[in-house]
Amino acid sequence: MTQTDTVLIVGAGPTGLTTACTLLQHGVDARVIDRRNGPASEPKALILWSGALEVLRRIDVADSLEKRSLPLSGASYWSGGRRTGGVRFGALADTAFPRPLCVPQSVTEGVLYDRLLKLGGNVEWNTELAAARVTGSTASNVSVTLTVPGTGSPAPFSPRWLVGADGTHSTVRAAAGIAFEGSTYARDFLLGDGVFTGGLPEDEAQYHLTPEGVLVVVPLPGGGHRVFFDRDATGEVRPLSDEELQELLTARGPKGWKLESTWWRSTFRVHTKVAARFREGSVLLAGDAAHCHSPAGGQGLNTGVQDGFNLGWKLAAVINGADPALLESYEAERRPAALRALRNSDRQTRLWMLRQGPKRVLRDTLLKVATATGALDRRIVPELAQLDPGLESSPAVPGELPKPAARGGRGGRGPSLLSPGVRLPDTPWQPLHGTDAASLHEFLATGRHTLLVLQGAGGPGTSGGPGNTGGPGTAGDDEGERTAAEAAELVARSTVRSQTDVLLLTDHRPRGGCDPSAPYARAVDIGRKLTELAGAGPLVVYVRPDGAVGAWSSHRDLSRLAAGVSVLGAAVESVA
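Numbering-wise (our numbering), the sequence shown opens with residue 7 and increments by one.
1. Could you tell me the boundaries of the beta strand (DSSP E) in which SER149 lies?
2. Let me check one thing: in DSSP terms, what residues is SER159 bridge-paired to?
3. Let me know the alpha helix (DSSP H) ranges lying completely inside the region 156-210, each 4 residues or longer, listed in chain order.
4. From the DSSP output, read off the bridge partner residues of LEU76.
5. On a Cα-Cα basis, can you pick out the residue from TYR526, LEU14, THR101 and SER164 that is closest to ALA451?
6. Ends of the alpha helix (DSSP H) at TRP319?
7. Any idea which residues DSSP pairs GLY230 with across the strands?
8. For CYS520, does the three-state DSSP call read helix, strand or coil?
9. Using DSSP's beta-bridge definition, name the partner residues of PRO437.
10. From which residue to which residue does the beta strand (DSSP E) around SER560 run?
11. Can you give me the start and stop residues for the beta strand (DSSP E) that ASP294 sits inside?
12. In chain order, which continuous runs of the alpha helix (DSSP H) of length 4 or greater are located wholly inside the region 331-376?
13. Please go through the same chain and pick out, in chain order, the residues whose beta-carbon is closer than 8 Å to the beta-carbon of LEU71, but skip the five residues on each side of it.
14. Could you give the DSSP three-state label for PHE235: helix, strand or coil?
15. Sorted by chain position, which residues of the same chain lie with C-beta nearer than 8 Å to ASP394's C-beta, five sequence neighbours on each side aside?
16. In its own chain, which residues sit with a C-beta less than 6 Å from the C-beta of ASN43, not counting the 5 before and 5 after it?
17. Using alpha carbons as the reference points, say which of PRO162, ASP521 and PRO260 lies closest to GLY6.
18. Should LEU345 be labelled buried (16 or more other beta-carbon atoms within 10 Å of its own) or exposed?
19. So VAL201 and GLU266 are supposed to be a Cβ contact under 8 Å. How far apart are they, rounded?
20. For ALA302, which residues from the same chain have a beta carbon less than 6 Å from its beta carbon, with the 5 sequence-adjacent residues on both sides left out?
21. Grouping DSSP H, G and I as helix and E and B as strand, with all else coil, what is GLN544?
22. Per DSSP, what are the beta-bridge partners of TRP84 in this structure?
23. Strictly by DSSP, which residues pair up with ASP507?
24. Leaving out the 5 sequence neighbours to the left and right, which residues in its chain are closer than 7 Å to VAL289 when beta-carbon positions are compared?
25. Which value, in whole angstroms, describes the spacing of the CA atoms of THR12 and VAL324?
26. With a CB to CB cut of under 8 Å and the five nearest residues on each side skipped, what residues in its chain are close to PHE315?
27. Determine whether the beta carbon atoms of HIS455 and VAL403 lie at a separation below 8 Å.
28. What is the DSSP secondary structure of LYS279, reduced to helix, strand or coil?
29. Where does PRO155 land, buried or exposed, given buried means 16+ other C-beta within 10 angstroms?
30. For the alpha helix (DSSP H) containing ILE39, list its first residue and its last residue.
31. Could you name the residues of the same chain whose beta carbon sits closer than 6 Å to that of LEU14, not counting the 5 residues immediately before and after it, in chain order?
32. Just reading off the beta strand (DSSP E) that PRO225 is part of, what are its end residues?
33. Among residues of its own chain, excluding the 5 on either side of LYS535, which ones have a beta-carbon nearer than 6 Å to its beta-carbon?
34. Check whether the Cβ atoms of VAL546 and GLY556 lie closer than 8 Å to each other.
35. For TRP558, does the count of other Cβ atoms within 10 angstroms reach 16, so buried, or fall short, so exposed?
36. Using 8 Å as the threshold, is the C-beta distance between ARG275 and THR190 below it?
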């Protein structure tokens, strides 16, 4: 990589490391710096939700994190010593991660750092962004000065792209002149991780809502618990002593809960802010540099990880030759997601802060009713999980391509399953050639671009029924094979060919087997969630690295599909 193509990532927390790993998996190197002397040792954020876990699976760290985590079964709310409500985790469909995991941030960072090293990347520790200058919105508008240990003098540097993943007090954001809009709670937040006795919950989070303030209790993997309190702001940043934490625990928790010892304590203020924009020319913001949240619901780290992946694959595509306009979709997709997470965490925090009077009674009553009716599960859990990308209005999902409604689909499922911007549902399949994955989501877990060719039983020359065995020589199979081969040829001429897969998904096994030399993978859709949409001829679906539909077309409109999908880059010219 030449210097003009270099990506400089400032900050090696979960967001920066996710961005760097994604870039490397898509064939682009990045320079990562951090002023710390190594990965974090403080546990900080604890919860990984389904959406972030799917991202972490795409960069091949989810398995390692699962082994070091504690799955949570739910959360409960208590008031006046009585349980007033609760949510159950584990019922989310179409995901390999139906419940959140409790994993200290230090573990998440360590696993991501190990992955970065395995991919050939590195972090320049003890290296600080001393200054940055952004001179406009032109292509090469960034110059930075780094303080590098052992050099004796500041080192000037001109990256092509500058990614600010450097936290709430971002130097990158300030240099780009981007406002950080929002407010700060007039409360201090106090926490301690340690050993407790007295029957604290073993696999659920508890929220004890008292007139004096909140007590949050979360069990930790490997034993121990985190206790979390709020109080009127005092201006002190001193962590509470064990004795002070015990006083709060006695005042707000059930009888008999006792603190034995702590290994980490912290006091901090909470801001609820979002950057006015996530991009200024070649400068891009992600994670806490772009948004900061209350810890309620564990949204901050999760949102940042998804920022990093979204930015990483798009930046890699552009560097590899895709239309630079693709990067315009980064802010269009991630700022609304950040605002949703911010509103969610803010709503929960304000729920905690109701102290006395009718509002407190109303809150407790609503929690009881919402729990009894299941409304709390149906609304809160999907919001926290962040599985719905909400990309329908993104400029990266072209709205002018044919709509799935034109093809129908059994049960009217076409529009909901293949609408651009919608996350594809999982479907079990039997792999036949080119893949060992046993389902769509397992196949997409590599985090690559995918052209998915759907060939059902309704094509010309087939029986049209679900039990059709098909086979080489039938018109339907021939058309599906031909379409998959054309899609593979299109990919071979594209700018992202080394990061793109082609898969032919059918609803039957061919009688004569599969061609082992075919330049695409093949599987049988056992669940029939997708192949039933193919109707009279194959459909070609571009699936983004995040598992969302980017666009689709009939097999006769491959060139139009390529023209509508910017990451296919040079393939547009080759098939026009």
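A virtual CB, placed ideally from N, CA and C, is assigned to each residue, including glycine. Since we're looking at a predicted model, the values are computed, not measured.
With the given structure in hand:
1. For the purposes of this step, residue 149 is taken as the residue at position 143 of the sequence shown. From DSSP, the beta strand (DSSP E) with SER149 extends over 148-153.
2. On the sequence shown, residue 159 is found 153 positions in, with the first residue counted as 1. In the DSSP output, where bridge partners are listed per residue, SER159 has none listed.
3. 177-181
4. Locating residue 76 in the sequence shown gives position 70, counting from the first residue. LEU76 pairs with CYS108.
5. The residue labelled residue 451 in the question sits at position 445 within the sequence shown. Residue THR101 is the option with its Cα nearest to ALA451.
6. Position 313 of the sequence shown holds residue 319. Here the alpha helix (DSSP H) through TRP319 covers 306-325.
7. Within the sequence shown, numbered from 1, the residue matching residue 230 stands at position 224. According to DSSP, GLY230 bridges with nothing at all.
8. On the sequence shown, position 514 is the one that residue 520 refers to. Coil, per DSSP.
9. Start at 1 with the first residue of the sequence shown, and residue 437 comes out as number 431. Looking at the DSSP assignment, PRO437 forms a beta bridge with ALA529.
10. Position 554 of the sequence shown, counting from 1, holds the residue named residue 560. 555-560 is the span of the beta strand (DSSP E), which, as asked, contains SER560.
11. Here residue 294 refers to the residue found at position 288 of the sequence shown. Neither: ASP294 is in no beta strand (DSSP E) and is coded neither H nor E.
12. 334-358
13. Counted from its first residue, the sequence shown places residue 71 at position 65. The answer, listed in chain order, is LEU54, LEU59, LEU62, LEU107, VAL109, VAL113, THR114 and VAL117.
14. Position 229 of the sequence shown, counted from the first residue, corresponds to residue 235. It is a strand residue.
15. By 1-based counting over the sequence shown, the position of residue 394 is 388. Excluding positions up to five away in sequence, the list reads PRO388 and ARG429.
16. For the purposes of this step, residue 43 is taken as the residue at position 37 of the sequence shown. So the qualifying residues of the chain are TRP131 and ASN132.
17. Coverage of the chain is limited to positions 7 through 582, which leaves residue 6 absent and any answer about it impossible.
18. What you label residue 345 is simply residue 339 of the sequence shown in a count that begins at 1. It counts as exposed.
19. As a position in the sequence shown, residue 201 is number 195, starting the count at 1. As a position in the sequence shown, residue 266 is number 260, starting the count at 1. At roughly 4 Å, the Cβ-Cβ gap stays under 8 Å, so VAL201 and GLU266 are in contact.
20. As a first step, residue 302 is located in the sequence shown; it is residue number 296 there, counting from the start. So the list reads SER351, GLN354 and THR355, once near-sequence residues are dropped.
21. Here the question's residue 544 lines up with position 538 in the sequence shown. One point to set straight first is that residue 544 is Pro, not Gln, in the sequence displayed. Three-state result, PRO544: coil.
22. Counting from 1 along the sequence shown, the entry for residue 84 is found at position 78. TRP84 pairs with ARG89 and HIS214.
23. Counting from one through the sequence shown, the residue named residue 507 turns up at place 501. In DSSP, ASP507 forms a bridge with THR456.
24. In the sequence shown, residue 289 corresponds to position 283, counting from 1. So the qualifying residues of the chain are VAL140, VAL148, LEU168, GLY170, VAL178 and ALA182.
25. On the sequence shown, position 6 is the one that residue 12 refers to. On the sequence shown, position 318 is the one that residue 324 refers to. If I take the Cα positions, the gap works out to 12 Å.
26. Taking the sequence shown and counting its residues from 1, one reaches residue 315 at position 309. These residues qualify, in order along the chain: THR24, THR25, THR28, VAL61, ARG64, ILE65, GLY453, PRO551 and ASP552.
27. What you label residue 455 is simply residue 449 of the sequence shown in a count that begins at 1. What you label residue 403 is simply residue 397 of the sequence shown in a count that begins at 1. In this structure, VAL403 does not lie closer than 8 Å to HIS455 by Cβ.
28. By one-based count along the sequence shown, residue 279 stands at place 273. The answer is strand: DSSP assigns LYS279 an E or B state.
29. Here residue 155 corresponds to residue number 149 of the sequence shown, with the count starting at 1. With fewer than 16 other Cβ atoms within 10 Å, it is exposed.
30. The residue given as residue 39 occupies position 33 in the sequence shown. Not the alpha helix (DSSP H): ILE39 falls in the beta strand (DSSP E), residues 37-39.
31. As a working note, residue 14 is residue 8 in the sequence shown. The answer, listed in chain order, is ARG37, PRO165 and LEU168.
32. Taking the sequence shown and counting its residues from 1, the one referred to as residue 225 is at position 219. Taken as a continuous stretch (DSSP letters only), the beta strand (DSSP E) holding PRO225 covers 219-225.
33. Along the sequence shown, read from residue 1 onward, the residue named residue 535 stands at position 529. PRO431 and THR433, listed in sequence order.
34. Locating residue 546 in the sequence shown gives position 540, counting from the first residue. Locating residue 556 in the sequence shown gives position 550, counting from the first residue. No.
35. Residue 558 sits at position 552 when you count from the first residue of the sequence shown. With 16 or more other Cβ atoms within 10 Å, it is buried.
36. Taking the first residue of the sequence shown as 1, we reach residue 275 at position 269. Taking the first residue of the sequence shown as 1, we reach residue 190 at position 184. Yes.
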